[in-house]
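What follows is a short report on a single structure.
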Amino acid sequence: MSTHEDAAPEDFQKINENLVKVEELSQRLIQALSARNPAKQSLGGPSQDLFAKASVSYWSEFLENPGRLYEHQVEYWGKSVRSFMEAQQSMLQGGEIEGEPDGAFAGDKRFANPMWQTNPYFHWIKQQYHLNSKAIAQAVDEIDDLDGKEKQRLTYFSRQIIDMMAPTNFLGTNPDALERAIETEGKSLVQGLENLVADLEANNGEMVVRLADESAFELGVNVATTPGEVVYRNRIMELIQYYPTTEKVHATPLVIFPPWINKFYILDLKEQNSLIKWVLDQGYSLFVVSWVNPDRSHADISMADYVEQGFLTAIDKVKEITKQKQVNAVGYCIAGTTLHLTLALMNKRGDKSIKSATFFTALTDFSEQGEFVPFLQDDFIDGIEEEVNEQGVLRSFILGRTMSFLRSNDLIYNPAIKSYMMGEAPPAFDLLYWNGDGTNLPATMTKDYLRGLCQKNQFVDGGFELCGETVHISDVKVPIMAITCETDHIAAWKDCYRGFQQTKSKDKSFIVSESGHIAGIVNPPSKKKYGYYTNDDLSGDADAWLAGATEYKGSWWGHWENWLKPRSGKLVLAREPGDSNNKPIAPAPGTYVKKKATL
1 MSTHEDAAPE
11 DFQKINENLV
21 KVEELSQRLI
31 QALSARNPAK
41 QSLGGPSQDL
51 FAKASVSYWS
61 EFLENPGRLY
71 EHQVEYWGKS
81 VRSFMEAQQS
91 MLQGGEIEGE
101 PDGAFAGDKR
111 FANPMWQTNP
121 YFHWIKQQYH
131 LNSKAIAQAV
141 DEIDDLDGKE
151 KQRLTYFSRQ
161 IIDMMAPTNF
171 LGTNPDALER
181 AIETEGKSLV
191 QGLENLVADL
201 EANNGEMVVR
211 LADESAFELG
221 VNVATTPGEV
231 VYRNRIMELI
241 QYYPTTEKVH
251 ATPLVIFPPW
261 INKFYILDLK
271 EQNSLIKWVL
281 DQGYSLFVVS
291 WVNPDRSHAD
301 ISMADYVEQG
311 FLTAIDKVKE
321 ITKQKQVNAV
331 GYCIAGTTLH
341 LTLALMNKRG
351 DKSIKSATFF
361 TALTDFSEQG
371 EFVPFLQDDF
381 IDGIEEEVNE
391 QGVLRSFILG
401 RTMSFLRSND
411 LIYNPAIKSY
421 MMGEAPPAFD
431 LLYWNGDGTN
441 LPATMTKDYL
451 RGLCQKNQFV
461 DGGFELCGET
471 VHISDVKVPI
481 MAITCETDHI
491 AAWKDCYRGF
501 QQTKSKDKSF
511 IVSESGHIAG
521 IVNPPSKKKY
531 GYYTNDDLSG
541 DADAWLAGAT
551 EYKGSWWGHW
561 ENWLKPRSGK
571 LVLAREPGDS
581 NNKPIAPAPG
591 TYVKKKATL
């Protein structure tokens, strides 16, 4: 840091002036925090029973095999002392560190600043963090008498502790932030605190890091711009019918059910990557459901209500408006799960309104909970039930925080460092804007979903009680296609495949798209970015399916449309939105999508 040794006295005066502004901002900070309505404490971490079991197991191992633990401790102490001595020697000699012992954090962007390697102080901090991280991970790894889920949870939460304690997360041990503070004469710290206070004020005292510049986007203006009309509205959803872009359309209409965990315009961010626009351009009459963003008044809405007032009502309205007996349907994520439930219910009732169904990243078999194991055990679900019983909803920041902690460095710590320590403004990025435009979940529905489906796995084990019927995945018998994503950490493709196999549909197709939960779906052909895999043989397990699959370059959208087209009837004159009984209420994207989540 020798480049800053000659700083003039006036520079320090400017820094002090900026630090005074920091003190002034602290008053706003206190006010913002006073408005906080925190989530239940039980949602901040696992039950203490988990750590108690881990401690007992660790000390039992110590008593049975003290030599191994002593060996590890001596190794840790030795490396720590050696690292400290090397740092001291380098400081005394005024030299730079050479080499990279143990390849610590090689390629880790958090430690990209050269000072982590060349400056003895920062190098020692990084090395000690590396040693501490390895010691914690090793201690957890060697606990061998916990069951599989307990071990997975302990590993996850220890990883969270390791990530949280990274030196980059603290101003005094982040060279990037310190350099920026000096270069800007303290303005970066003032702006960072401004960003922090603004985030707290915008979220009732909760620390929710803004990932995008919200002022850069307006629904219906530069995102969600495909022309259409709301043709029906009830308590739970708005039904949007889009204006055709071709002279003729297929007779059988298409209705898309997006997840109510997020807002539908992920499928219509901008014209270049809009699935909604693309479907219209292929010659389809397209309807999309836009779900209400629930508040306390929606606490009683259940999974059955989403099926009856959402799915079945939308299907009936689409049939009525288009004068067709059948529709094709798409369900994305949780809406894909619920579309399976709806199809099973319709089969029980003898309702043949669905001609075919397509599922985007939809889970039905929850026997393997993947990365969500830490959050789907009784202590967390009990905490969620307590939370929603009190609040009436599962507030969006809780769900968003849970998802973000699965990728905490990318979605929490790095954005927080840039915003709060570096004083950077968030980028004008439409995908991140959508990601931050959260939705609440109704209390009753949340409990139905987490207990009945995620925990008890009733849809594939014995049956799920729904609208007076017991429905099972084997009740799904219409032609179906599933699109899953290779690196999806929310709905792992192998888990989607396992449930998909258990349907009784004679006509079914399965696709694995490259990339993840969003990018693998919002993958327009024009981008020529991600490919996909197909295999008609669904008899084996997921590994066998992939081993026999054929890889294709480019987007899966065209492959899906080739499957959908013969199931969509002849071409007819294009339809304008609505009819005499269902006149347009409001232009797309509607009103429900514009409602912000309440905290």
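Number 466 in my numbering belongs to position 466 of the sequence shown; there are no gaps in the numbering. For each residue, glycine too, the CB sits at the ideal point set by N, CA and C. Note that the structure is predicted; figures quoted are calculated from it, not measured.
* Quick one, are the C-beta atoms of residue 286 and residue 292 less than 8 Å apart? -> Not in contact: residue 286 and residue 292 (Cβ atoms no closer than 8 Å).
Supposed close pair residue 28, residue 373 - CB separation, criterion 8 Å: Contact flag wrong, Cβ pair sits at about 40 Å.
>> Helix, strand or coil, according to DSSP, for residue 597 in the structure here?
In response: coil
Please return the same chain residues whose Cβ sits closer than 6 Å to the Cβ of residue 260, not counting the five positions on each side in sequence. 291
query: Smallest Cα separation from residue 300: which of 590, 235, 334, 317?
result: 235
Exercise for review: Would you tell me roughly how many angstroms separate the C-alpha atoms of residue 35 and residue 398, rounded to the nearest one?
Suggested key: 17 Å
Could you have a look at residue 207 and say whether DSSP puts it in helix, strand or coil?
coil
Point to revise | Nonlocal neighbours in the same chain, by C-beta distance under 6 Å from residue 598, ignoring five residues either side | key: 295
Checklist entry - When you compare only the Cα positions, how much space is there between residue 417 and residue 115? => result It is roughly 17 Å from the alpha-carbon of residue 417 to the alpha-carbon of residue 115.
task = My understanding is that residue 304 touches residue 340, with C-beta atoms under 8 Å, so please give their C-beta distance in whole angstroms.
result = So it is not a contact: roughly 15 Å between Cβ atoms.
Alpha carbons only, please: which of 388, 232, 396 is nearest the one belonging to residue 311? 232
Quick one: what's residue 551 bridged to in DSSP? 533
**Report entry** Complete runs of the alpha helix (DSSP H) confined to the region 390-414 [at least 4 residues]
**Finding:** Segments of the alpha helix (DSSP H) lying fully in the region 390-414: 396-405.
Exercise for the section: Provide the residue span of the beta strand (DSSP E) that contains residue 299, from first to last. Expected result: Premise fails: residue 299 is in no beta strand (DSSP E) and is neither H nor E.
Problem - Supposed contact pair residue 252 and residue 242 - C-beta distance, whole angstroms, cut 8 Å - result: Actually they do not touch by this definition, with Cβ atoms about 16 Å apart.
Practice prompt. Report yes if the CB atom of residue 174 is closer than 8 Å to the CB atom of residue 421, and no otherwise.
Written response: yes
Report task. Identify, in the order they occur along the chain, each residue of the same chain with its Cβ nearer than 7 Å to the Cβ of residue 22, setting aside the five sequence neighbours on each side. Result -> 189, 190, 193
Assign residue 506 to buried or exposed, taking buried as 16 or more other Cβ atoms, counted over all protein chains shown, within 10 Å of its Cβ.
-> exposed
request  = Assign residue 59 to buried or exposed, taking buried as 16 or more other Cβ atoms, counted over all protein chains shown, within 10 Å of its Cβ.
outcome  = In this predicted model, residue 59 has a pLDDT of only 45, less than 50, meaning its place in the structure is not dependable enough to derive any value.
*asked:* Distance check for residue 523 and residue 529, CA to CA, integer angstroms please.
replied: The straight-line gap from Cα to Cα measures roughly 7 Å.
For residue 327 and residue 255, the rounded distance between their alpha carbons = 7 Å
Exercise for review: Leaving aside the five residues before and after residue 452 along the sequence, list all residues of the same chain whose C-beta is less than 7 Å from its C-beta, in chain order.
Suggested key: 458, 464
Practice item. Indicate whether residue 429 and residue 160 have their beta-carbon atoms separated by less than 8 Å. Key: Cβ distance not < 8 Å, so residue 429 and residue 160 don't count as in contact.
Note to self: By alpha-carbon positions, which one of 389, 268, 107, 315 ends up nearest to residue 355?
What the structure shows: Out of 389, 268, 107, 315, the CA that lies nearest to the CA of residue 355 is found in 315.
Exercise for review: Check each candidate in 149, 135, 25, 267 and name the one with the smallest Cα separation from residue 435.
Suggested key: Of 149, 135, 25, 267, the residue nearest in Cα terms is 267.
Under the rule that 16 or more other beta-carbon atoms within 10 Å means buried, what is residue 20, buried or exposed? exposed
- Which residues does DSSP pair with residue 229 in a beta bridge? 241, 587, per the DSSP bridge assignment.
| task | Counting only the same chain and skipping the five closest in sequence on each side, list residues whose C-beta sits under 7 Å from that of residue 469. | result | 345, 348
- Quick one: which unbroken alpha helix (DSSP H) runs of 4-plus residues sit fully inside the region 247-309? Chain order, please. 275-281
Helix, strand or coil: which one does DSSP assign to residue 580?
-> Three-state DSSP puts residue 580 in coil, outside helix and strand.
What does DSSP give as the partner residues of residue 481 in its beta bridges? 358, 509
Quick check on the burial criterion: 16 or more other C-beta atoms within 10 angstroms. Buried or exposed for residue 3? At residue 3 the pLDDT is 43, less than 50, meaning the model places this residue with poor confidence; the figure from the coordinates comes in the next sentence. With fewer than 16 other Cβ atoms within 10 Å, it is exposed.
Can you grab the Cα-Cα spacing for the pair residue 431 / residue 145, in whole Å? 43 Å
_Looking only at its chain, what residues have a beta carbon closer than 7 Å to the beta carbon of residue 642, apart from the 5 residues adjacent to it on each side?_
Shown here, the chain extends from 1 to 599; a query on residue 642 therefore has no answer.
Self-check item: Complete alpha helix (DSSP H) runs within the region 154-189 (minimum length 4 residues, chain order)
Solution: 175-183
- Item | CA-to-CA distance, residue 155 to residue 62, given in whole angstroms | Per-residue confidence for residue 62 stands at a pLDDT of 45, beneath the threshold of 50, marking its modelled position as unreliable; the derived number appears in the next sentence. The straight-line gap from Cα to Cα measures roughly 19 Å.
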